Amino acid sequence: MKILLFALVILGLSAFSCEHDHHHDDGPYLVSIDIQSPAEGSVAALGQPLPVKVVFKREEGKTIHNVYIYVFDEFDNLVTTLIEQHVHVDGEYVFESSAFTPAWAGPYKIQVLTRDDAEESPNLKEVSFTVQ
């Protein structure tokens, strides 16, 4: 009975470790961030959904881990979070959404951030736009 119980525990731990086995890249966590929409200096319509498109790229075979996209107002107050997620995708990850609808006019910025699996090595890019 003890042997059976021990075997089940080992089997359970093996399944758990396989499920959470991550491939970790060698070298620095460098990610290219291309904010395709909104464009720097663009003007968005008040009360209309704002299309946001961001492309994250790494060398082939290297993983993009944690991605974050935020919208801030002119006073650096967080207006909305579009994504905070561990995507764990190799090579390229594309985020597209029209979930943000500006409720008031003024200047805004989109802040895009990605970090490695340990939540370190940030890569950051921002674009500013105006809502009228």
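Throughout, my numbering is defined as the position within the sequence shown, counted from one, plus 8.
We put the beta carbon where it would ideally sit given N, CA and C, even for glycine.
The structure displayed is predicted, hence computed values, not measured ones.
Per the coordinates, the alpha-carbon of lysine 133 lies some 18 Å from the alpha-carbon of serine 105.
Secondary structure of valine 39 (DSSP, three-state): coil.
Around the Cβ of alanine 52, a 10 Å sphere holds 16 or more other Cβ atoms; the residue is buried.
In terms of Cβ geometry, serine 40 and phenylalanine 137 do not form a close pair [threshold 8 Å]. In the three-state scheme derived from DSSP, where H, G and I count as helix and E and B as strand, glycine 114 is classed as strand.
Annotation for alanine 52: the continuous beta strand (DSSP E) segment containing it runs 50 to 52. Proline 46 and threonine 109 do not touch by the CB rule: their CB atoms are close to 13 Å apart, not below 8 Å. Selection Val62, His73, Glu68, Phe80 evaluated against alanine 111 yields Phe80 as nearest (Cα-Cα).
Comparing alpha-carbon positions, the option among Ala113, Asp84, Asn85, Leu38 lying closest to valine 75 turns out to be Leu38. Rounded to whole angstroms, tyrosine 78 and valine 60 show a C-alpha spacing of 11 Å. For serine 129, no beta strand (DSSP E) segment is defined, and its DSSP state is neither H nor E. A straight-line Cα-Cα distance of about 12 Å links valine 97 and threonine 122.
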